[in-house]
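Residue numbers (this note's numbering): 66 to 249. Just so you know, even glycine gets a beta-carbon here, dropped at the ideal spot from N, CA and C. None of the values given here were measured: they were computed from a predicted structure. One structure is given below, encoded as structure tokens.
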């Protein structure tokens, strides 16, 4: 059985399984589903195809495993500002009285540039959607949906997946070591 046949036949089952599992996790059902399909592809590459009757059960177990991993990550994640025992980190700035100085404006502009650069590297519809949401004109959901040709009701879930993808990408970049294992 080909992968496309498996996908067509088992996607409804996997989507239902992921939706049921997602309620108890910090992840979205689409992320759990995608993780299970990715695990299946990796398994097929390493161990060869599973017998046809075992694939459905294997995928269901993979979704449950993805859900457990999401729950563990959600429990372990700590906001950056709270790492030093409540001391504000670089991600949290206190606002001083008066207009911002040159340094604050330069730092804010650099942060905006880095954010927009990261948004442009996202896959699929995410760059267009998040760029529209970051627009200084503050468009409404209706305006964004019309400009992107997406239904207004799907903007929230897509936005959530895009922000999760951006969060994972930026976390990986911050945690990635420099060349030859040395930090920069």
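Beta-carbon proximity check, residue i vs residue j, cutoff 8 Å
i	j	result
residue 128	residue 176	no
residue 198	residue 232	no
residue 75	residue 124	yes
residue 206	residue 220	yes
residue 190	residue 96	no
residue 194	residue 213	yes
residue 120	residue 71	yes
Rounded C-alpha distance that separates residue i from residue j
i	j	result
residue 83	residue 216	23 Å
residue 80	residue 118	18 Å
residue 122	residue 93	21 Å
residue 222	residue 210	13 Å
residue 132	residue 181	30 Å
residue 130	residue 234	22 Å
residue 167	residue 179	18 Å
residue 185	residue 218	23 Å
residue 238	residue 99	22 Å
residue 228	residue 236	12 Å
residue 192	residue 115	37 Å
residue 208	residue 113	48 Å
residue 170	residue 135	37 Å
residue 137	residue 174	35 Å
Contact belief for residue i with residue j at Cβ below 8 Å, rounded distance in angstroms
i	j	result
residue 61	residue 90	No statement about residue 61 is possible, as the shown extent of the chain runs from 66 to 249 and does not include it.
Practice task
Report the residue ranges of all alpha helix (DSSP H) runs contained in full by the region 86-133; include only those spanning at least 4 residues, in chain order.
Solution key: 94-112, all fully within the region 86-133.
Exercise for the section: Pick out the complete alpha helix (DSSP H) segments inside the region 169-222, 4 residues or longer, and give them in chain order. Expected result: You should have 191-198 and 206-213.
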